[in-house]
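Asker: First the structure, then my questions, so here it is.
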Amino acid sequence: ELLELYSIGVEHYTEADVVAAASALTGWQIQPGDGGTAVFSARRHDDTHRTLLGASGVHDVDTVLDAVLNHQALPGFIAGKLAASILGNDFDENQVPEFAHVFANHNLDLAPLISAIAEAGLALTSRSPLVRHPVSWLTNAEKTTGARIDTRARAHILHSMGMVPGRPPHVGGFPPPENYLNASSTAARFTSAGLVANQAPEDSLALAAASTGDWQTLASLLGRPQGFSAASLSALDGLKDATPSGQQGRNCLALSLSTPDFLVI
2 ELLELYSIGV EHYTEADVVA AASALTGWQI QPGDGGTAVF SARRHDDTHR TLLGASGVHD
62 VDTVLDAVLN HQALPGFIAG KLAASILGND FDENQVPEFA HVFANHNLDL APLISAIAEA
122 GLALTSRSPL VRHPVSWLTN AEKTTGARID TRARAHILHS MGMVPGRPPH VGGFPPPENY
182 LNASSTAARF TSAGLVANQA PEDSLALAAA STGDWQTLAS LLGRPQGFSA ASLSALDGLK
242 DATPSGQQGR NCLALSLSTP DFLVI
(Lines of atoms letter the chains of each structure in order from A; the text may use other names.)
(Lines give C-alpha, C1' and ligand atoms only; values in the text may rest on other atoms or scores of the structure.)
Protein backbone atom coordinates (compact mmCIF):
# COMPACT_ATOMS: atom_id res chain seq x y z
CA GLU A 2 0.00 0.00 0.00
CA LEU A 3 2.87 2.38 0.79
CA LEU A 4 4.40 1.76 -2.63
CA GLU A 5 1.23 1.41 -4.70
CA LEU A 6 -1.06 4.07 -3.27
CA TYR A 7 1.09 6.65 -1.54
CA SER A 8 4.51 6.97 -3.14
CA ILE A 9 5.52 5.56 -6.55
CA GLY A 10 2.64 3.63 -8.11
CA VAL A 11 2.11 -0.03 -8.90
CA GLU A 12 4.22 -0.11 -12.06
CA HIS A 13 7.46 0.83 -10.30
CA TYR A 14 8.05 -2.05 -7.87
CA THR A 15 8.15 -5.84 -7.85
CA GLU A 16 7.15 -8.59 -5.45
CA ALA A 17 10.78 -8.78 -4.36
CA ASP A 18 10.59 -5.12 -3.29
CA VAL A 19 7.50 -5.87 -1.20
CA VAL A 20 9.30 -8.77 0.49
CA ALA A 21 12.38 -6.63 1.17
CA ALA A 22 10.33 -3.81 2.67
CA ALA A 23 8.26 -6.21 4.78
CA SER A 24 11.44 -7.80 6.14
CA ALA A 25 12.93 -4.42 7.04
CA LEU A 26 9.74 -3.40 8.85
CA THR A 27 9.47 -6.52 10.99
CA GLY A 28 9.37 -5.87 14.73
CA TRP A 29 6.94 -2.97 14.53
CA GLN A 30 3.53 -3.59 16.08
CA ILE A 31 0.56 -1.74 17.52
CA GLN A 32 0.45 -1.70 21.31
CA PRO A 33 -2.94 -3.13 22.39
CA GLY A 34 -5.07 -0.82 24.52
CA ASP A 35 -2.71 2.13 24.16
CA GLY A 36 -4.54 4.25 21.63
CA GLY A 37 -2.82 2.69 18.64
CA THR A 38 0.74 3.51 19.68
CA ALA A 39 3.39 1.85 17.50
CA VAL A 40 6.21 0.08 19.35
CA PHE A 41 9.35 -1.66 18.12
CA SER A 42 10.44 -5.08 19.34
CA ALA A 43 14.08 -5.76 18.42
CA ARG A 44 13.77 -9.49 19.04
CA ARG A 45 11.09 -9.71 16.34
CA HIS A 46 13.11 -7.75 13.79
CA ASP A 47 14.90 -9.29 10.80
CA ASP A 48 17.99 -7.10 10.40
CA THR A 49 19.12 -8.71 7.14
CA HIS A 50 20.33 -6.07 4.68
CA ARG A 51 18.33 -6.26 1.45
CA THR A 52 17.87 -4.37 -1.81
CA LEU A 53 14.70 -2.28 -2.13
CA LEU A 54 13.85 -0.31 -5.27
CA GLY A 55 17.47 -0.56 -6.35
CA ALA A 56 18.82 0.75 -3.04
CA SER A 57 21.08 -1.64 -1.12
CA GLY A 58 21.54 -1.94 2.63
CA VAL A 59 17.85 -1.56 3.46
CA HIS A 60 17.14 -3.12 6.87
CA ASP A 61 14.96 -0.82 8.99
CA VAL A 62 12.21 1.81 8.79
CA ASP A 63 14.60 4.69 8.06
CA THR A 64 16.32 2.94 5.17
CA VAL A 65 12.93 1.86 3.77
CA LEU A 66 11.79 5.48 3.74
CA ASP A 67 15.08 6.62 2.21
CA ALA A 68 14.70 4.10 -0.61
CA VAL A 69 11.14 5.17 -1.29
CA LEU A 70 11.75 8.92 -1.06
CA ASN A 71 14.79 8.73 -3.31
CA HIS A 72 12.99 6.78 -6.03
CA GLN A 73 12.79 8.71 -9.30
CA ALA A 74 9.07 8.00 -9.70
CA LEU A 75 8.03 9.58 -6.41
CA PRO A 76 8.01 13.30 -7.38
CA GLY A 77 5.81 12.67 -10.40
CA PHE A 78 3.45 10.36 -8.51
CA ILE A 79 2.91 12.80 -5.63
CA ALA A 80 2.69 15.80 -7.95
CA GLY A 81 0.11 14.07 -10.14
CA LYS A 82 -2.06 13.03 -7.20
CA LEU A 83 -1.96 16.49 -5.65
CA ALA A 84 -2.61 18.29 -8.94
CA ALA A 85 -5.60 16.07 -9.67
CA SER A 86 -6.97 16.79 -6.21
CA ILE A 87 -6.54 20.57 -6.46
CA LEU A 88 -7.40 21.15 -10.11
CA GLY A 89 -10.10 18.50 -10.47
CA ASN A 90 -11.40 18.14 -14.00
CA ASP A 91 -8.97 20.82 -15.19
CA PHE A 92 -5.99 18.62 -14.35
CA ASP A 93 -3.70 18.23 -17.36
CA GLU A 94 -1.34 15.25 -17.13
CA ASN A 95 1.10 17.03 -19.45
CA GLN A 96 1.88 19.41 -16.58
CA VAL A 97 2.98 16.65 -14.21
CA PRO A 98 6.67 16.69 -15.25
CA GLU A 99 6.80 20.43 -14.56
CA PHE A 100 5.20 19.99 -11.13
CA ALA A 101 7.46 17.02 -10.37
CA HIS A 102 10.52 19.10 -11.25
CA VAL A 103 9.46 21.79 -8.76
CA PHE A 104 8.83 19.18 -6.07
CA ALA A 105 12.16 17.41 -6.59
CA ASN A 106 14.17 20.65 -6.79
CA HIS A 107 12.77 21.81 -3.45
CA ASN A 108 13.81 18.70 -1.55
CA LEU A 109 10.26 17.28 -1.64
CA ASP A 110 8.82 20.33 0.12
CA LEU A 111 5.08 20.38 -0.50
CA ALA A 112 4.66 24.16 -0.23
CA PRO A 113 6.40 25.05 -3.53
CA LEU A 114 4.58 22.19 -5.25
CA ILE A 115 1.19 23.43 -4.07
CA SER A 116 2.10 26.97 -5.14
CA ALA A 117 3.04 25.76 -8.63
CA ILE A 118 -0.22 23.85 -8.98
CA ALA A 119 -2.26 26.79 -7.69
CA GLU A 120 -0.55 29.16 -10.13
CA ALA A 121 -1.37 26.79 -12.97
CA GLY A 122 -4.98 26.84 -11.88
CA LEU A 123 -5.06 30.64 -11.74
CA ALA A 124 -3.64 30.81 -15.26
CA LEU A 125 -6.64 28.95 -16.69
CA THR A 126 -8.93 31.15 -18.78
CA SER A 127 -11.85 28.98 -17.72
CA ARG A 128 -12.23 26.13 -15.31
CA SER A 129 -14.60 23.34 -14.48
CA PRO A 130 -16.69 23.60 -11.31
CA LEU A 131 -15.44 21.87 -8.18
CA VAL A 132 -17.70 20.18 -5.66
CA ARG A 133 -16.90 20.77 -2.00
CA HIS A 134 -16.44 17.55 -0.08
CA PRO A 135 -18.03 17.46 3.41
CA VAL A 136 -14.95 18.70 5.29
CA SER A 137 -14.51 21.61 2.88
CA TRP A 138 -18.22 22.39 3.03
CA LEU A 139 -18.32 22.47 6.84
CA THR A 140 -15.07 24.41 7.17
CA ASN A 141 -16.25 27.10 4.78
CA ALA A 142 -19.72 27.19 6.31
CA GLU A 143 -18.24 27.86 9.74
CA LYS A 144 -15.80 30.44 8.40
CA THR A 145 -18.47 32.27 6.41
CA THR A 146 -21.04 32.43 9.19
CA GLY A 147 -18.68 32.81 12.14
CA ALA A 148 -20.32 29.80 13.76
CA ARG A 149 -18.42 27.97 16.48
CA ILE A 150 -19.25 24.29 16.35
CA ASP A 151 -17.91 22.18 19.21
CA THR A 152 -15.77 19.16 18.47
CA ARG A 153 -18.44 16.59 19.26
CA ALA A 154 -21.05 18.29 17.05
CA ARG A 155 -18.52 18.70 14.24
CA ALA A 156 -17.67 15.01 14.38
CA HIS A 157 -21.38 14.15 14.29
CA ILE A 158 -21.96 16.39 11.27
CA LEU A 159 -19.08 14.90 9.31
CA HIS A 160 -20.11 11.37 10.24
CA SER A 161 -23.64 12.03 9.00
CA MET A 162 -22.22 13.21 5.67
CA GLY A 163 -19.87 10.25 5.41
CA MET A 164 -16.46 11.87 5.76
CA VAL A 165 -14.73 11.63 9.12
CA PRO A 166 -11.08 12.78 8.88
CA GLY A 167 -8.69 9.93 9.57
CA ARG A 168 -11.36 7.31 8.93
CA PRO A 169 -11.60 6.78 5.15
CA PRO A 170 -13.85 3.98 3.87
CA HIS A 171 -10.86 2.03 2.56
CA VAL A 172 -7.09 2.19 2.30
CA GLY A 173 -7.29 4.17 -0.93
CA GLY A 174 -8.70 7.14 0.97
CA PHE A 175 -11.89 9.12 0.49
CA PRO A 176 -13.87 9.09 -2.76
CA PRO A 177 -13.99 12.11 -5.09
CA PRO A 178 -16.21 14.98 -3.89
CA GLU A 179 -18.77 14.19 -6.60
CA ASN A 180 -19.51 10.92 -4.82
CA TYR A 181 -21.05 12.87 -1.97
CA LEU A 182 -23.79 14.20 -4.25
CA ASN A 183 -26.21 11.51 -3.14
CA ALA A 184 -29.50 11.45 -1.28
CA SER A 185 -28.11 10.63 2.16
CA SER A 186 -25.33 13.24 2.04
CA THR A 187 -27.74 15.87 0.70
CA ALA A 188 -30.22 15.24 3.51
CA ALA A 189 -27.43 15.38 6.09
CA ARG A 190 -26.14 18.61 4.56
CA PHE A 191 -29.57 20.26 4.90
CA THR A 192 -29.74 19.27 8.57
CA SER A 193 -26.16 20.32 9.20
CA ALA A 194 -26.72 23.69 7.54
CA GLY A 195 -29.41 24.36 10.13
CA LEU A 196 -27.04 23.48 12.95
CA VAL A 197 -24.38 25.82 11.57
CA ALA A 198 -26.84 28.67 11.02
CA ASN A 199 -28.16 28.33 14.58
CA GLN A 200 -24.61 28.76 15.91
CA ALA A 201 -23.90 31.91 13.90
CA PRO A 202 -23.26 34.83 16.29
CA GLU A 203 -25.64 37.77 16.31
CA ASP A 204 -23.01 40.03 14.76
CA SER A 205 -22.42 37.66 11.83
CA LEU A 206 -22.41 39.57 8.54
CA ALA A 207 -23.87 36.55 6.77
CA LEU A 208 -26.70 36.33 9.30
CA ALA A 209 -27.41 40.05 8.91
CA ALA A 210 -27.59 39.75 5.12
CA ALA A 211 -29.87 36.71 5.37
CA SER A 212 -32.13 38.51 7.86
CA THR A 213 -32.63 41.51 5.58
CA GLY A 214 -32.90 39.56 2.35
CA ASP A 215 -29.73 41.12 0.95
CA TRP A 216 -29.02 38.14 -1.27
CA GLN A 217 -26.21 39.77 -3.24
CA THR A 218 -24.21 40.51 -0.10
CA LEU A 219 -24.93 37.05 1.25
CA ALA A 220 -23.80 35.45 -1.99
CA SER A 221 -20.57 37.46 -1.94
CA LEU A 222 -19.89 36.42 1.64
CA LEU A 223 -20.41 32.80 0.59
CA GLY A 224 -17.76 33.20 -2.10
CA ARG A 225 -20.11 33.76 -5.04
CA PRO A 226 -19.75 37.42 -6.09
CA GLN A 227 -21.81 36.82 -9.23
CA GLY A 228 -24.83 36.20 -7.02
CA PHE A 229 -27.16 33.27 -6.50
CA SER A 230 -28.71 31.38 -9.37
CA ALA A 231 -32.31 32.16 -10.29
CA ALA A 232 -33.50 28.92 -8.69
CA SER A 233 -31.71 29.69 -5.43
CA LEU A 234 -33.06 33.26 -5.38
CA SER A 235 -36.58 31.96 -5.86
CA ALA A 236 -36.15 29.48 -3.01
CA LEU A 237 -34.69 32.12 -0.69
CA ASP A 238 -37.46 34.61 -1.47
CA GLY A 239 -40.09 31.94 -0.91
CA LEU A 240 -38.64 30.87 2.42
CA LYS A 241 -38.30 34.46 3.63
CA ASP A 242 -41.93 35.20 2.79
CA ALA A 243 -43.15 32.03 4.49
CA THR A 244 -41.11 32.38 7.68
CA PRO A 245 -42.01 34.50 10.74
CA SER A 246 -39.79 37.56 10.95
CA GLY A 247 -37.86 36.40 14.01
CA GLN A 248 -36.72 33.23 12.29
CA GLN A 249 -36.06 34.49 8.77
CA GLY A 250 -32.35 35.16 9.19
CA ARG A 251 -31.21 31.78 10.44
CA ASN A 252 -33.59 29.83 8.22
CA CYS A 253 -32.49 31.67 5.09
CA LEU A 254 -28.85 31.39 6.10
CA ALA A 255 -29.26 27.63 6.47
CA LEU A 256 -30.89 27.41 3.05
CA SER A 257 -28.12 29.45 1.44
CA LEU A 258 -25.55 26.99 2.81
CA SER A 259 -27.51 24.17 1.21
CA THR A 260 -27.71 25.68 -2.27
CA PRO A 261 -25.67 24.38 -5.21
CA ASP A 262 -24.17 27.87 -5.35
CA PHE A 263 -22.28 27.20 -2.10
CA LEU A 264 -21.67 23.51 -2.69
CA VAL A 265 -20.20 23.84 -6.19
CA ILE A 266 -17.47 26.44 -6.68
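The opening position of the sequence shown corresponds to residue 2 in my numbering, with each subsequent residue numbered one higher. Quick reminder that beta carbons are idealized off the backbone N, C-alpha and C, glycines included.
(1) In this structure, does DSSP put G247 in helix, strand or coil?
(2) List the endpoints of the continuous alpha helix (DSSP H) containing A39.
(3) Could you work out which residue in F175, M164, P170, E203 is closest to R190 when comparing CA atoms only?
(4) Kindly indicate the opening and closing residues of the alpha helix (DSSP H) around R280.
(5) Can you name, in chain order, every residue of its own chain whose Cβ lies under 7 Å from the Cβ of S42, other than the five neighbours on each side?
(6) Around the Cβ of V40, are there at least 16 other Cβ atoms within 10 angstroms (buried) or fewer (exposed)?
(7) DSSP beta-bridge partners for Q30?
(8) DSSP has V136 in a bridge; who is on the other side?
(9) Please name the residue in Y7, H160, D18, W216 whose C-alpha comes closest to that of H134.
(10) Can you tell me whether E246 is buried or exposed, with buried defined as 16 or more other CB within 10 angstroms of its CB?
(11) Is DSSP giving G81 helix, strand or coil here?
(12) By the 10 Å Cβ neighbour count, where 16 or more other Cβ atoms means buried, how is R128 classified, buried or exposed?
(13) Going by Cα to Cα distance, which pick from A17, L258, S24, T15 is closest to L139?
(14) Taking P177 as the reference, which of L26, P113, V132 has the closest Cα?
(15) Near G173, what residues of its chain come up, given a Cβ to Cβ distance below 7 Å and the 5 sequence neighbours on each side ignored?
(16) Considering only DSSP beta bridges, list what V265 is partnered with.
(17) So, at 7 Å on beta carbons, what are the nonlocal neighbours of L26 in its own chain, with the 5 sequence-adjacent residues on each side left out?
(18) Curious, which full-length alpha helix (DSSP H) runs of at least 4 residues does the stretch 103 to 127 contain?
(19) Just curious, the beta strand (DSSP E) that S57 is in, first and last residue?
(20) For T126 and D91, I'd like the C-alpha separation in whole angstroms.
(21) Assuming L208 contacts G250 (C-beta within less than 8 Å), just tell me the rounded distance between them.
(22) Within 10 angstroms of its Cβ, does K144 collect 16 or more other Cβ (buried), or is it exposed?
(23) Measure the C-alpha to C-alpha separation of H72 and A21 and round it to an integer number of angstroms.
(24) For the beta strand (DSSP E) containing T213, name the first residue and the last one.
(25) Note down the Cα distance separating I150 from G77, rounded to an integer number of angstroms.
(26) So what does DSSP say about T145, is it helix, strand or coil?
(27) One question on the structure: do A84 and V97 come within less than 8 Å of each other, judged by their Cβ atoms?
(28) Going along the chain, which residues of its own chain have a beta-carbon closer than 7 Å to the beta-carbon of L222, five neighbours each way excluded?
(29) Please identify the residue among G10, T187, L254 whose C-alpha is closest to the C-alpha of A201.
Answerer: Short version:
(1) helix
(2) Unbroken run through A39 is the beta strand (DSSP E), 39 to 41; no alpha helix (DSSP H).
(3) M164
(4) Shown here, the chain extends from 2 to 266; a query on residue 280 therefore has no answer.
(5) G28, Q30
(6) exposed
(7) In DSSP, Q30 forms a bridge with V40.
(8) DSSP output for V136 lists no bridge partner at all.
(9) H160
(10) The residue you asked about is not Glu; residue 246 is Ser in the sequence shown. By the neighbour-count rule (16 or more Cβ atoms within 10 Å), S246 is not buried but exposed.
(11) helix
(12) Exposed, by the Cβ-count rule.
(13) L258
(14) V132
(15) L6
(16) V132
(17) V62, V65
(18) 111 to 123
(19) Residues 56 to 59.
(20) 11 Å
(21) So it is a contact: roughly 5 Å between Cβ atoms.
(22) exposed
(23) 15 Å
(24) That residue, T213, is in no beta strand (DSSP E); its alpha helix (DSSP H) goes 206 to 213.
(25) 38 Å
(26) helix
(27) yes
(28) T145, L206, A207, A210
(29) Its Cα nearest to that of A201, the residue L254 stands out among G10, T187, L254.
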